[in-house]
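Sequential numbering of the sequence shown, starting at 30, is according to our numbering. Contents: one structure, followed by commentary.
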Amino acid sequence: MIPGGTSRLLFPSPSKLVSVTMANAPEIVLPPLAFKAAGNSDTQRDVNLARVLRSPGYPTLVLLMADAVTKWADRVVLDFTAQQVTVKYQVDGIWTDMPPMDRPTGDFMLATLKQLCNLDYLDRESRQEASITGQLDSFKYKFHIRCQGVPTGERVQIRVDLPRPQPAQLIEMGMREKAHERVRQMLKRGKGLLVSAALPGDGASMSWKGLRAAGDRFMSDFVTFEQKGAIEDDVINVGSVVYDSEEAFPQKFRELLLKEPDTIFFSQVRSPQIMRQIVESGLSSNRLMVVQIDARSAVEAIYRLQILGVTSEEIQQHLIGVVAHRSMRRLCVKCREPFEPDPNVLAKLGIPVGRVRQFYKQFDPAAYTTLDSKGNPIPPPVCPTCGGTGYFARVGLFEVLENDATLQTILKARRKYADAVQAWRAAGNPTFRDEGLALLALGVSSIEELQRVLKS
Ligand SMILES: [Zn+2]
């Protein structure tokens, strides 16, 4: 019997209660996830918690949130439509569809969640936000909940602070020692244009943070310049200047230059007008301008700069280099499986036979599923490290491009993108593919994952 049975305490629509009352249902064993309720006073927090513990939506909420954190999801999105509630998890940057819920189950669960957060559960339209904490085994989690009515129903986004350390240094993210030294030397130059390139949502803020950490040792005084709301994650904003709009940029930038910082970091530059001011006012001030732009590779960043209005001559004169970043999921070392890949797949990836001694792949529960006496599948136990996803955390792939003779030749000859990449690689610069293959050889990730990363 579900705790609370047919409690009407939390729900606006008693007619829906019938459909989720499971009078003959077997008792559910819930994971030991203990929430702390939100509220303006101890009494209110106690009341909120007492109410949810006996509400019919509580078991669903506990099962959902425990499942999400066990799989290391840092985002959960619930879309309430007329027919059902779709559920999505984001784990290590990848969105996965989970089994949907029926509307009554989802409605009960959401009412419970809102009560736990001290929000108005009757309000299905306004934007409401709150944070709560929870503990499962020895791990503590913080959940940030945002609910918002949408034309099709209601959307609920939950961001989870996971209890695992985020790498702060480029080396911890997977940058090789040699590349790291090149980046440090570039930052040490102290003046010119340095570009940080990544795709939005692909750990762009992580590599950004790493670059700032690498520069920190040489630069006593640096300022971060970012457009309001452009940052995808909470990053450590040391001396951060926020501008509201493109129109507000020039004034803020002039004020900032008067303060004479050594280095200015510009996050997510997507406007040619802003780029022009960085080149004209910023670079003539003899300081280091580090600019983050969207690009698929280090070489592509050079073309993106030109699309943003930086001329080939300006690049040749001012560019120090580009640090490009991609994220690849690491195979879970507790459950990864050695296997022999199809030679055709290896040929496609350009891996010579024998180059990699042992390949690994993601654990496949289907291969270990047995049947009980009635023919029902019994899945194998879930890996406690990765929660059954087969992957655990991410590793960075990096491309480091310097403004050297190779780049100057590419720019002067006005090479096409594909030719430029080839010329750049021929000069001894490893690409994302080369870096990824090196990690496959070490068993860090899977062929499927590298293919996914290279395709994006
Ligand atoms: Zn695992």
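The beta carbon of each residue, even a glycine, is placed where N, CA and C say it ideally should be.
Which residues does DSSP pair with residue 322 in a beta bridge?
The partner list for residue 322 (beta bridge, DSSP) reads 226.
Whole-angstrom Cβ separation of residue 425 and residue 203, contact assumed at under 8 Å?
Going by Cβ atoms, the distance from residue 425 to residue 203 rounds to 4 Å, so yes, they are a contact pair.
When the distance is taken between beta carbons, is residue 427 closer than 8 Å to residue 347?
No. Outside cutoff.
Determine, using beta-carbon pairs with one atom in the segment 204-215 and one in the segment 183-194, whether at least three such pairs fall under 8 Å.
The segment 204-215 vs the segment 183-194: no contact.
Exposed or buried, what is residue 376 when buried is set at 16 or more other beta-carbons lying within 10 Å of its beta-carbon?
It counts as exposed.
Under three-state DSSP, which class holds residue 164?
Correct three-state label for residue 164: strand.
Rounded to whole angstroms, what is the Cα-Cα separation between residue 230 and residue 403?
Straight-line Cα distance between these residues: approximately 46 Å.
Which residue or residues does DSSP assign as beta-bridge partners of residue 465?
Answer by DSSP bridge pairing: none, since residue 465 is not bridged.
Just mark residue 309 as buried or exposed, buried being the case when its beta carbon has 16 or more other beta carbons within 10 Å.
It is exposed - the Cβ of residue 309 has fewer than 16 other Cβ atoms within 10 Å.
Heavy atom of ligand 1 less than 7 Å from the Cβ of residue 99, yes or no?
For ligand 1, not one heavy atom lies less than 7 Å from the Cβ of residue 99.
Can you tell me whether residue 141 is helix, strand or coil according to DSSP?
Three-state result, residue 141: helix.
Whose CA, out of 304, 418 and 384, lies closest to the CA of residue 486?
No information on residue 486 is available, as it lies outside the stretch 30 to 485 that the chain covers here.
How about residue 291 and residue 219: do their beta carbons lie closer than 8 Å?
The answer is yes: Cβ separation under 8 Å.
Go to residue 239, then tell me how far its alpha helix (DSSP H) extends in each direction, as first and last residue.
Residues 233-245.
Which value, in whole angstroms, describes the spacing of the CA atoms of residue 447 and residue 464?
Straight-line Cα distance between these residues: approximately 18 Å.
According to DSSP, simplified to helix, strand and coil, what is residue 75?
It is helical.
For residue 486, which of helix, strand or coil comes out of DSSP?
Since the displayed the chain opens at 30 and closes at 485, residue 486 lies outside it and no answer follows.
Within 10 Å of its beta-carbon, does residue 238 have 16 or more other beta-carbons around it, so buried, or fewer, so exposed?
It is buried - the Cβ of residue 238 has at least 16 other Cβ atoms within 10 Å.
What is the rounded straight-line gap between the Cα of residue 406 and the Cα of residue 393?
C-alpha separation (whole angstroms): 14 Å.
Helix, strand or coil for residue 70 per DSSP?
DSSP places residue 70 in coil when its eight states are reduced to three.
Would residue 278 pass as a contact of residue 253 if the rule is Cβ separation under 8 Å?
It is not a contact, given that the beta carbons lie outside the stated cut-off.
Could you tell me whether any non-hydrogen atom of ligand 1 is closer than 7 Å to the CB of residue 171?
No; taking the cut-off as 7 Å, the Cβ of residue 171 has no heavy atom of ligand 1 nearer than that.
At a cut-off of 7 Å, is residue 361 close to ligand 1 when judged by its beta-carbon and the heavy atoms of the ligand?
Residue 361 Cβ: within cutoff of ligand 1.
Rounded to the nearest angstrom, what separates residue 481 and residue 196 at their Cα positions?
Cα-Cα distance, rounded: 23 Å.
Work out the CA separation of residue 433 and residue 255 for me, nearest whole Å.
Spanning the two alpha carbons is a distance of roughly 29 Å.
Hey, could you find the ends of the alpha helix (DSSP H) residue 446 is sitting in?
Residues 446-455.
On the premise that residue 243 lies in contact with residue 212, defined as a C-beta separation below 8 Å, what is that separation, rounded to the nearest angstrom?
Between residue 243 and residue 212 the Cβ distance is about 6 Å, and since that is below 8 Å, they are a contact.
Hey, would you say the C-beta of residue 415 is under 7 Å away from at least one heavy atom of ligand 1?
Correct: residue 415 has its Cβ closer than 7 Å to ligand 1.
Measure the beta-carbon distance from residue 420 to residue 391 and round it to whole angstroms, keeping in mind my assumption that it falls under 8 Å.
Residue 420 to residue 391, Cβ: 7 Å. Contact.
Is the separation between the beta-carbon of residue 133 and that of residue 116 shorter than 8 Å?
Not closer than 8 Å, so no.
Say whether the segment 69-89 touches the segment 137-144, bearing in mind that this needs 3 or more beta-carbon pairs closer than 8 Å, one atom from each stretch.
Yes: at least three Cβ pairs fall under 8 Å.
Could you tell me whether the Cβ atoms of residue 452 and residue 443 are closer together than 8 Å?
No, these two residues do not count as a Cβ contact at 8 Å.
Given a cut-off of 8 Å on the beta-carbon distance, is the pair residue 16 and residue 321 in contact?
Residue coverage of the chain in this structure runs from 30 to 485, which leaves residue 16 outside it and unanswerable.
Using the beta-carbon count (16 or more within 10 Å), is residue 491 buried or exposed?
Nothing can be reported for residue 491, as the shown portion of the chain is limited to 30 through 485.
Determine the closest residue to residue 215 out of 349, 241, 105 and 371, with distance taken between C-alpha atoms.
Among 349, 241, 105 and 371, the Cα nearest to that of residue 215 belongs to 349.
What do you reckon, are the CB atoms on residue 67 and residue 159 nearer than 8 Å?
Yes. Within cutoff.
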